[in-house]
Every structure is written in structure tokens, then in C-alpha cells.
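Right, one structure below, let's go through it.
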Amino acid sequence: MPSLFPAPFRLASLLLAALCTTGAAQAQGTAVAPTPLQVKPAVDQAYTQLLAAPAVKQLLDAVKDDHERSIEDLRMLTEIEAPPFKEHKRAEAFLSRMKALGLSDARIDAEGNVVGLRKGTGNGPKLLISAHLDTVFPAGTDVKVKERDGKLYAPGISDDTRGLAVLLSWLKVLNDNKVQTVGDLLFVGNVGEEELGNLRGMKAIFREHLDIDGMVGVEPAPEGTVLVLGTASHRYEVSFKGPGGHSYAAFGQVPSAIHGMGRAIAKIAEIKTPSFPKTTFTVGTVGGGTSVNTIAPDARMAVDIRSDEMGALLETEKRVLAAIDEAVAEENRRWNVSTLSVSNKLIGDRPGGRTPSDSVIVEAAVRANSAFGHKTLLTGASTDANVPMSLGIPAIVIGGGGRTGGFHALSEWIDVTDGWKGAQNALATVLGLVGVQGVSEPLLPRRPPRPKP
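Structure follows, in C-alpha cells:
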């Protein structure tokens, strides 16, 4: 491991930029001006003590030594398919490994999350460390791991099965080396991160566990990347209904559901949104009608709206829904009828938020990155961390090591050569936040428990 930077150090340039790397990162972030970041002396001092301690050096060496074994976990879990809403088989395997590695009280909760608590010495913070169980791939996908040119190929192997394997490796080395943290570590393999999972797993975690003080998520990300912005999104299924009729005989007597939808799409396409905070929309899918010579009785479309700030999201959503209503009214007026109607169903709701760049959880990640020779890039996306961010709970997402690519494609891959370095780096971030008995006090402050929702 490279030598530590002297205290205090200054990271000259951190960009809040797009993270366009993972399926978990369902939304792209927005580039802004460079942001100088001063890491507080207390953070630097804590890491100087932490990384100089023989027990911590031994622990990080153990991560390297466990690398080959952890790849066995990666292969095993990858080859258990975990489509959205059907993660239970992988959850059971992950639970079995957690118990075998020392979390005998680990369990699967009502939502399907695997949850295990490794207690600290007491009076410290509770830090959630997580990776998601689900992938985007449907049941029946070939998930056999194939090795080629030094890379491992399989759907979902990096997003986010690598994260699950890293959590298991951390658990093993902590227990094998009898390292006792001051704060509690809540190990979680969660469901519902991908597609229309709607962050259901992480929402359930924060409904049930009201005393979580912070979160570190592990996702595929380049070295030095720290995700601090959670892009919010709403998704709608819009259905247009009319009486339908023969294209010739009923012409001029009935409205067309497809024409009404077309008017709506045209109006939505003209909506202007701010570039900062980045706010986007798209009509992603369309369908409807029964035949070429039928005035369509039905039509449907799916609309995706996203923004880096909830206020801008809600304003754009208001304008999109208004455009849909106006389009239906216009189609009815065109034929002097009132028989075309529309209904909107919210099918995706991801809250958004931001972890301030000067918060201790971000500075801990920056300081750990510097110790391993990495400059830090602050990024934004839509991940499980959206949930705690929306609640005002400090949260970040960082990588677990290894070069990755092909996300959400059957050709997804990971190169785990020296992947242990990223796992060490991320674990150092975690240890600084919760503290190590006899070495360093926790940097992450405790929060008052939240009231029950």
C-alpha cells in the first residue's frame, strides 16, 4: 500500500460528473464546476492512526490473501440467477455463506433482503454496508461464468455480484483476524435495485431499521469514484381508451386512442427542462391498436422522468401530465366528442438526494482513496443510496475492486486482476467510519433514531 499523505492534505479538484457505469446506476449524473474539498484534520488524523496500526495492516493483507477464495464466491453467486422479484434462490445462498462466515443470526426479512448484524463494542454508530442481489436479466438467462483472456464473463457478474462477494470477504477477514469495530456493521444483500424493483429492498431496510447512521454501498465503479448524488425518478404507465371503430365507417364519429397518444408525445417532446439541475424525460415504449383498418380503441406508453433535484422533477412531471390531458382534450375536440379518456399509473418512484461533499462519510472515502494512491471523483446516479439520501442520512456508493464492463448486456465482464486492492480501499473507508477498538474512534456520528413511519 502506498504511503499516506501528510496531514492535512488538500484534494485540489473534485468533479461531480456522470457515472454511466452500472445498471444500478440507473440515472446519469451531471457535471458541474470543480469543487475544492478540504479534508478535516480529524479525518486525516484518524486515518493516519488507523492505517499505521499493525492489526489493520494485517487485516488489509488478509483481504489480499482471501482474494482467490472470494472469486469462488463470485462464481457461485453469479451462477444463481436473480431476476427482478425472483431473487430468493440467490438470497438463500448468500444467507448460507453469511452464516458460515460467522453471522449466525443473519436472516431473510419479509421483503427478501438478507440481513446480518456484526456488533461493535457498543456506543458507536451503525453503518449499513450493502450490495444488491438482483440483476436485470430475466429467468432462463445463461449465467454460467466463462473465463476468456483474463476476464470473467457472465450476466450480472459485476453488477452487482462482485459487491456481494466483497461483503463476504470483509466478513471473513474481520472474523478470522478478530478485529472488533467500535460501531455496528449491518451487512445487507438487498433486493429490488434494478428495473421496476423500485428500490423496494432498501426502502424496507430503512422502514425496519430506524437507527442506521450511514450507508456505504458497493457497486461496480472505477477506482477513486465516490457516488454522492442520488438522481430521483418517476415512471408512468399511461393508458388511452376510446370506443374504437372501423377506419372507414366510423371515421369522424370516434376519436383514436393512438392519435391522442401521438398528440401527447408531440407535446411532451416540446417541454424544456433545465440543464442544471439536470432534468430529463422520455417516452420509452408505446403500443396499442388492433389492426391497420381499425380506429384504435386503446393505446399505451411508458414515460420516464428524472432529475438531480426533486423540485425540478415534480415541475417536469406536472408539465408532462398536463400535456397528456391537453392532448386528450384536443383529440376529443377534433371530432366533437368526449369519449377518449386517459389514466396514469405511477410504476416507478425513486426518491433523490445528495450527501454533501464536506460530510464526514465523503471525506473518509476521499482520505482512504488518497492512502491507496487514487484521486477522488464525486459522481451521481440512481442507486440504493437514493433512499438514505432522501431521508437525510449520509450515504455513498464506492467500488469493490476489479475492472468491469458490459453492464446489462449478456457480455458483461469483470477483470479481477488485483481486484483485492479496491476491496482493501473500500474496507478502509468503512473502518474509518465505524472505528477499530484500541486503534481509532468512529468518524461517523450517531444520529437520534428516526420515528416509526
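Take 1349 as the starting number for the sequence shown in the working numbering and just add one per residue. We put the CB at the ideal spot given by N, CA and C, even for glycine.
For Asp1421, the three-state secondary structure derived from DSSP is helix. Collapsing the DSSP output to three states places Ala1479 in a strand.
In its chain, beyond the 5 residues on either side, His1582, Ile1653 have a beta carbon closer than 6 Å to the beta carbon of Glu1665. Rounded to whole angstroms, the gap between the alpha carbons of Phe1433 and Ile1762 is 25 Å.
The beta strand (DSSP E) runs lying completely inside the segment 1688 to 1722 and spanning 3 residues or more are 1689 to 1698, given in chain order. Rounded to whole angstroms, Asp1457 and Val1463 show a C-alpha spacing of 7 Å. In this structure, Leu1522 sits near Arg1466, with a CB-CB distance shorter than 8 Å. Shown here for Ala1487: same chain residues with a beta carbon closer than 8 Å to its own, the five before and five after excluded, namely Glu1429, Pro1431, Lys1434 in chain order.
If you draw a 10 Å sphere on the C-beta of Lys1626, you find 16 or more other C-beta atoms in it, and that means buried. Here Leu1791 carries a coil assignment [DSSP, helix/strand/coil]. Given a length threshold of 3 residues, each whole run of the beta strand (DSSP E) inside the segment 1596 to 1675 is given here in chain order: 1627 to 1636, 1646 to 1655. Beyond the five residues adjoining it in sequence on each side, Val1784 comes within less than 8 Å, by CB distance, of Leu1398, Ala1401, Ala1403, Val1404, Val1527, Gln1528, Thr1529, Val1530 in the same chain, given in chain order. In terms of Cβ geometry, Glu1618 and Gly1770 do not form a close pair [threshold 8 Å]. With respect to Ala1441, Met1424 sits close: the two C-beta atoms are nearer than 8 Å.
Around the beta-carbon of Leu1515, 16 or more other beta-carbon atoms lie within 10 Å, marking it buried. A straight-line Cα-Cα distance of about 50 Å links Ala1410 and Thr1621.
According to the DSSP assignment, Leu1534 belongs to no alpha helix (DSSP H) but to the beta strand (DSSP E) extending over 1532 to 1538. The beta-bridge partner set that DSSP reports for Glu1585 consists of Ala1650, Lys1693.
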